Amino acid sequence: MGPSEIITSIPEKYQSALSSTELRFFPSEIHKVEDFGVEFEVRLCPALQEKLEPKAEARATSAAATGKPKPFLPPYSPNLYVGDLALEDEDGTSEYIVLLNKFSVVPHHFLLVTKEFQPQTSPLFPSDLVQIYQLLLAARQENRHFIAFYNCGPNSGASQSHKHVQFIEVANGGPPVEKLTRTANLEVSGKPFAIPSLPYANHVYRLPALSTDSTPAELRRILFPPLLSLLDLVISTVRHDPDYPSGLPSYNIIMTLEHIHMIPRWHETYILEDSDTTINVNSLGYAGMLLAKSNSELEQIKKVGPGKILRGVGVESVHDLQVAGLSLEV
Ligand code: B4P
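No gaps in the numbering here: position 171 of the sequence shown is 170 in numbering that gives the first Met the number 0, and each next residue is one more.
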């Protein structure tokens, strides 16, 4: 299938997966919380407590050693499987499958998964980027607004160890953080920048207008150098902190047709003071979309503030260091 066929088949596939009961939809409601110039959308979804598999357990299920089913390897459930995608790129052919998210909080949430096992700790490759943007462009052609996100590394919020990029539908104006990002007035284009008002390290690249007519080679030339420079910045940022855990870095990536955002991560969950509650944060949190699985989590998020939570699981912003004259090596 091509990217356009995938996008057009998602609504029907979603409906039949829902009727089959294999896809579970968890109703939720959005609460707006203003913080650091962003109107955060905190999605209250108590029904997710019924999803009995917490992250640590899901990771174990996903690990090769358990002998339990691995959800992103065949045989795929016919109800969740949308199609195969193959990308003829300069590097040869890369193969992917598209699956509907089995645990859907937002309808039509889908996953782009590598056909062969690759670890979720590996960076995005040029072919991944091209495939992601072909899907985002195909959706925009249908006048639908999706963002893609990638939870990379052990503390990024990922629970499945097989490389997968997720796609979620958002409102016309994009996710909450994108509205703030759009207001950044860049002195020079074609360079990464940070949103200094946000209380955590963040690195962003503003993309030129992309076209559905672009060839894979053109998309690769436009998209891959920015991704590499953002990754360099993430690595430089975490190196500024001598206490950052050794080993592979963790980070979140949010991809829209306008920007690529990359946010280094330190911790997987935010532990609330004076309570046993923990808040799980994945890439969507940094898009301005947090998840609360109970009313008490929602109240705590409002009380503590999304910015403090995101700073707590992220890394200190090095913007102040840059302003103070300490440059980052890129
Ligand atoms: P990961 O990258 O490993 O982790 P995640 O998105 O944080 O989801 P997690 O599984 O930890 O779920 P959580 O309860 O926190 O992604 C794995 C993906 O594969 C997930 O989308 C998962 O649902 C899906 N999956 C697992 N087994 C599968 C199978 N057999 N077949 C197909 N897909 C499978 O969060 C629950 C859901 O809410 C997640 O989808 C999460 O992405 C989403 N979510 C989180 N914050 C949200 C927000 N603010 N708004 C809307 N949705 C949100």
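Don't be surprised by glycine CBs; every beta carbon is placed ideally from N, CA and C. All of these numbers come straight from a predicted model, not from anything done at the bench.
Can you tell me the Cβ-Cβ gap for Phe102 and Arg23, rounded? I've got them flagged as a contact below 8 Å.
6 Å
Is it buried or exposed for Gln14, if we count other Cβ within 10 angstroms and need 16 for buried?
exposed
Is the beta carbon of Gln48 within less than 6 Å of some heavy atom of ligand 1?
no
Taking C-beta to C-beta, are His163 and Val81 nearer than 7 Å?
no
Less than 7 Å separating the beta-carbons of Ser76 and Glu11?
no
Inspect the beta-carbon positions of Leu43 and Leu297 and report whether they are closer than 7 Å.
yes
Where Thr255 falls, given that 16 or more other Cβ within 10 Å makes a residue buried
buried
Using the rule of at least 16 other Cβ atoms within 10 Å of the residue's Cβ for burial, across every protein chain shown, is Ile308 buried or exposed?
buried
Can you have a look at Asp273 and say buried or exposed, based on whether 16 or more other CB atoms are within 10 angstroms of its CB?
exposed
Figure out for me which residue from Ser27, Val317 and Ile9 has the closest Cα to the Cα of Val105.
Ser27
Does the distance from the CB of Thr211 to the CB of Leu135 come in under 7 Å?
no
Ordered along the chain, which non-local residues of its own chain (more than five positions away) have a Cβ less than 6 Å from that of Gly173?
Thr255
Using 8 Å as the Cβ pair cut-off and three pairs as the minimum, do the region 151-169 and the region 246-263 touch?
yes
Taking DSSP as the reference, what is the three-state secondary structure of Asn100?
coil
Three-state secondary structure (DSSP) at Ala63?
Legend: pLDDT at Ala63 = 49, less than 50; position of this residue unreliable, no value from coordinates given.
Using the beta-carbon count (16 or more within 10 Å), is Arg220 buried or exposed?
exposed
Please return the same chain residues whose Cβ sits closer than 8 Å to the Cβ of Glu4, not counting the five positions on each side in sequence.
Gly82
So, are the CB atoms of Gln119 and Ala157 less than 7 Å apart?
yes
Return helix, strand or coil for Ala216, following the three-state DSSP convention.
helix
How big is the Cα-Cα spacing for Ala183 and Gly287?
17 Å
Cβ-Cβ separation, Phe39 to Leu289 (assumed contact under 8 Å), whole Å
6 Å
Give the range of the alpha helix (DSSP H) segment to which Ile308 is assigned.
Pro305 to Val312
What's the call for Lys292, buried or exposed, on a 16-neighbour Cβ count within 10 Å?
buried
Going by DSSP, name the residue or residues bridged to Pro198.
According to DSSP, which records beta bridges pairwise, Pro198 is partnered with nothing at all.
Within a Cβ cutoff of 7 Å, which residues of the same chain sit near Thr276, ignoring the five residues on either side of it in sequence?
Ser295, Glu296 and Gln299
Which listed residue (Ile6, Leu206 and Pro198) has its alpha carbon closest to that of Val187:
Leu206
If we call anything under 7 Å between Cβ atoms a contact, is Leu229 one with Pro191?
yes
Beta-carbon contacts of Trp265 that lie in its chain and below 7 Å, excluding the five residues immediately before and after:
Asn154, Tyr243, Val312, Gly313 and Val314
Under 8 Å by Cβ, that's how I've got Ile29 and His107 pegged, so tell me the actual separation to the nearest angstrom.
About 17 Å separates the two Cβ atoms, so there is no contact after all.
Do you know offhand how far Gly306's Cα is from Ile259's?
20 Å
Let me check one thing: in DSSP terms, what residues is Gln364 bridge-paired to?
No information on residue 364 is available, as it lies outside the stretch 0 to 329 that the chain covers here.
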